[in-house]
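Just below is one structure, and these are the notes that go with it.
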């Protein structure tokens, strides 16, 4: 790695880590209902919302009611997003006269956005009307992210409180997350992005006169260029802050109008990890022991930083096939010149560590090992930062497994944060880990064994297998990025990946809420000499080992068939 | 149960008004007031003719123009209504084939070229990348100067003028905006 690469890395990591403590504290305040002074003026709006939706924010729900509320909102959301796409041709704000989206694609996209995945089988600027972008997709960007945060806070409450069955009010958590966190941050980021060159307009696409006319393959001469614009900045801001990742344009944040400058790139990269990282701080605040939050954050960084450095290294290597032709430089296929190789590699690692899934370079064209890392980060279960809320609740489940394993080793009843971990929690935790794993592997097997699954593959050889494995890893862990050569906008993939996204979201969320309910009703046991301290470097090692071993054992055989063979063939 | 579904519908309606209507409207208002040029797509207008956008590249293949990144958009390159990368894997023969074609074209026009910057032979992620590296512009100076029958020094100075350094000196990397450079060339010598 060159000095310049290190500088890009430092400029990205330092502001991110500096924000953890203040933002973590702020979010802890918001979710415990003690609104900090500078945003108190939002409170009347919050109260007004509770009156409209007829909810008492202080009435706690037990874990079943909480789960049902999440499911009900998701169901209603899927319907709304589906109907808006199917009827967009009759609705206003459709200056490009987009026709209705196909039934299977609408189904896939509705699930994708309601589950915070933002897998996109369609190309944004050639499919969606401005109204669909705003009313269907952006709304889900907020709501699904806020729902993820709400479930995390419910789990954290399970640790923090004792002898009660209530784990908070979902509607209040959802409203607070949106009003005090996502909305103000998005508004600010959107305006800064416009300053850097991201469009924000309701006008139709522009027709430019080409400087040099193009002769198309069919012999016709093309003299104009249609430049797609629209309400882009408002979509991009929340797509990053809510770890959604769904792009306004097909090329996502590789598109110069979605990510015009290195500064817009830096702000978006930091935004991807900002809230997931800061929630570690929030966790420490709410359980009343900040060291616990720092330990989790440290574990994430121990996995994240080496992978970050490796991805940069792999992408900086020249493709030998091109080097043979006298070409000089690292892997620039699918990357943008203004951003460069280092920033593309950092983004790829960050977007898959988080369950964001936006891209600023085409992962399908990464070097074999450079593409393996993003894929493996998703397969770990989106817990290294992960999605807003969903990442940390996944990591806390791994923490429960880690104390359980160490309990087995020394023969004592495991405890985490003063709560005894019993068979019930371990069963639920196993579901959280196994369901997405099984979905990835079984789904990939089904896809590569069926004709309609193989029909979507674009690249020959092991890379084609990687495309399918990547798609299932992405959907089953609610990431949303792709090896985009795969033609996934077919009834087969729209259906299979739709199912994968449902399993990845609710197959994790509901067991987590069950754990929250169970922990919440338990008494806190005082620490004794036999308690494993969970705020030490030793625990970081233990937690990282559990995560890596589970991830490696589950996926190494599949990865060997794809990127690893490909790397060997490249020599 | 029914109560929760009713609440869900109400919540979604409220959130739609807040985050689907008021939020984008507010951003649009700020954007159009504070940064109207960027908010409308950073357009380049000459007289009453729209030439393009500062952010969006165009396809160039004539010897008298600088060439940009390869573009994988369909049906024509640099289609700004359907952005796309090539998604070619590192071992895909088409990747090497595309690079070879570009190298041949470069060498045909200027046989003195030996080492070729990688950004000139690879497709960008968006298919619309407006920039090339400074080295990629330099290897084209001789060709453009010969085609236009002007001094290479003049062309090379123009490249320097249109080189954008790394943002704030340390973010990203330096590059040359191909469309702006070619427009400037045409202004110098139509």
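Residue numbers (the working numbering), protein chains in the order written: chain B, 8 to 578; chain V, 363 to 552.
Note that CB positions come from ideal geometry on N, CA and C, so glycine has one too.
Because the structure is a prediction, the values reported are computed rather than measured.
Whose C-alpha, out of the options, is nearest the C-alpha of residue i?
i: residue 342/V; options: 219/B, 322/B, 226/B, 274/B; result: In the structure as shown, chain V starts at 363 and stops at 552, and residue 342/V therefore has no counterpart that could be examined.
i: residue 252/B; options: 299/B, 355/B, 31/B, 99/B; result: 355/B
i: residue 436/V; options: 224/B, 474/B, 375/B; result: 224/B
i: residue 491/B; options: 420/V, 449/V, 427/V, 410/V; result: 449/V
i: residue 437/B; options: 402/B, 363/B, 85/B, 92/B; result: 402/B
i: residue 315/B; options: 448/B, 503/B, 377/B; result: 377/B
i: residue 523/B; options: 17/B, 159/B, 533/B, 97/B; result: 159/B
i: residue 188/B; options: 461/B, 294/B, 282/B, 121/B; result: 282/B
i: residue 530/B; options: 166/B, 25/B, 133/B; result: 166/B
i: residue 375/B; options: 420/V, 452/V, 434/V; result: 452/V
i: residue 141/B; options: 175/B, 269/B, 95/B, 508/B; result: 95/B
i: residue 69/B; options: 488/B, 170/B, 136/B; result: 170/B
i: residue 334/B; options: 442/V, 484/V, 472/V; result: 484/V
i: residue 576/B; options: 423/V, 424/V, 465/V, 454/V; result: 454/V
Specify, as a first and last residue, the run of the alpha helix (DSSP H) that residue i falls within.
i: residue 81/B; result: 70-93
i: residue 522/V; result: 514-523
i: residue 365/V; result: 364-377
i: residue 414/B; result: 397-417
i: residue 286/B; result: 269-294
i: residue 539/V; result: Element bounds for residue 539/V: not the alpha helix (DSSP H) but the beta strand (DSSP E), 537-539.
i: residue 411/V; result: Residue 411/V -> not in any alpha helix (DSSP H); beta strand (DSSP E) instead, spanning 411-415.
i: residue 338/B; result: Element bounds for residue 338/B: n/a, residue is neither H nor E.
i: residue 186/B; result: Counting along the chain, residue 186/B falls outside any alpha helix (DSSP H), and DSSP gives it neither H nor E.
Does the Cβ of residue i have 16 or more other Cβ atoms within 10 Å, making it buried, or fewer, making it exposed?
i: residue 544/V; result: buried
i: residue 502/V; result: buried
i: residue 178/B; result: buried
i: residue 104/B; result: exposed
i: residue 239/B; result: buried
i: residue 164/B; result: buried
i: residue 431/V; result: buried
i: residue 470/V; result: exposed
i: residue 216/B; result: exposed
i: residue 71/B; result: exposed
i: residue 431/B; result: exposed
i: residue 107/B; result: exposed
i: residue 116/B; result: buried
i: residue 464/B; result: buried
i: residue 327/B; result: exposed
i: residue 578/B; result: exposed
i: residue 519/V; result: exposed
Just checking: is the beta-carbon of residue i within a distance shorter than 7 Å of some beta-carbon in chain B?
i: residue 565/V; result: This structure does not reach residue 565/V, given that chain V is present from 363 up to 552, and the question cannot be answered.
i: residue 426/V; result: no
i: residue 539/V; result: no
i: residue 373/V; result: yes
i: residue 443/V; result: yes
i: residue 465/V; result: yes
i: residue 552/V; result: no
Any Cβ of chain V within less than 7 Å of the Cβ of residue i?
i: residue 246/B; result: no
i: residue 208/B; result: yes
i: residue 93/B; result: no
i: residue 371/B; result: yes
i: residue 542/B; result: no
i: residue 292/B; result: no
i: residue 328/B; result: yes
i: residue 10/B; result: no
i: residue 141/B; result: yes
i: residue 251/B; result: no
i: residue 202/B; result: yes
i: residue 343/B; result: yes
Taking residue i as part of the beta strand (DSSP E), name the residues at either end of that continuous run.
i: residue 530/B; result: Note, residue 530/B: premise wrong, no beta strand (DSSP E); not H, not E.
i: residue 408/V; result: 405-408
i: residue 216/B; result: 213-222
i: residue 426/V; result: Residue 426/V -> no beta strand (DSSP E), and no H or E assigned at all.
i: residue 228/B; result: 228-234
Problem set entry | Segment contact, 8 Å Cβ cut-off, at least three pairs: the region 63-74 of chain B with the region 174-182 of chain B | yes
For this session: Answer yes if the region 132-146 of chain B comes into contact with the region 385-401 of chain B, meaning at least three C-beta pairs across the two stretches below 8 Å, and no otherwise.
Result: no
Exercise. Touching or not, the region 485-495 of chain V and the region 531-544 of chain V, by the rule of three or more beta carbon pairs under 8 Å?
Worked result: yes
For this session: Evaluate the contact criterion for the region 196-203 of chain B versus the region 392-405 of chain V: three or more CB pairs, one atom per stretch, below 8 Å.
Result: yes
Exercise. Within the chosen definition, does the region 29-39 of chain B reach the region 275-290 of chain B through at least 3 CB pairs nearer than 8 Å?
Worked result: yes
Exercise. On the three-pair Cβ rule with 8 Å, is the region 10-28 of chain B touching the region 343-357 of chain B?
Worked result: yes
Exercise. Taking one C-beta from the region 359-379 of chain B and one from the region 487-502 of chain B each time, how about it: are there three or more such pairs within less than 8 Å?
Worked result: yes
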